[in-house]
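Working notes for the structure below.
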Amino acid sequence: MSVPIPKNCLTVLKQQWIIVLPDGTTHADGVSYHLTEADRNSMVEEVAGRLGTDMSDAREEPIGDPAPIYATPEYHQLIQRSRFGLRVK
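Per the working numbering, the sequence shown starts with residue 223, numbered consecutively.
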């Protein structure tokens, strides 16, 4: 059974993120939404270049593969106005 596509919705990529502490412990760190795989890759590279600000030597990493999801036109515009995608923690 297929699920119908919501009316007026557009496809975006959803990426989940984690924080990895120096001892190897991980914690959920929100999601990001992207219009293209290139945008997602750019955000991953940008985030990989910096350390977490709240915890010494912690790092943020994407987890798993991005998943295509549907976004309303309004949410799609928010993502479009962002540099590489919209990050939600």
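Every residue, glycine too, gets a C-beta built ideally from N, C-alpha and C.
Between 267, 263, 305 and 254, which has its C-alpha nearest residue 291's C-alpha? Along the sequence shown, read from residue 1 onward, the residue named residue 291 stands at position 69. Here the closest residue by C-alpha is 254.
Whole angstroms are fine: how far does the CA of residue 246 sit from the CA of residue 257? By one-based count along the sequence shown, residue 257 stands at place 35. By one-based count along the sequence shown, residue 246 stands at place 24. Using only the alpha carbons, I get a separation of about 31 Å.
Exposed or buried, what is residue 312 when buried is set at 16 or more other beta-carbons lying within 10 Å of its beta-carbon? The question about residue 312 has no answer here: the residues shown for the chain are numbered 223 through 311.
Which of the three DSSP states, helix, strand or coil, is assigned to residue 224? Within the sequence shown, residue 224 is the residue found at index 2, counting from 1. DSSP places residue 224 in coil when its eight states are reduced to three.
If you drop the 5 nearest sequence neighbours on each side, which residues of the same chain put their C-beta closer than 6 Å to that of residue 289? Taking the sequence shown and counting its residues from 1, one reaches residue 289 at position 67. Closer than 6 Å at Cβ, skipping near neighbours: 236.
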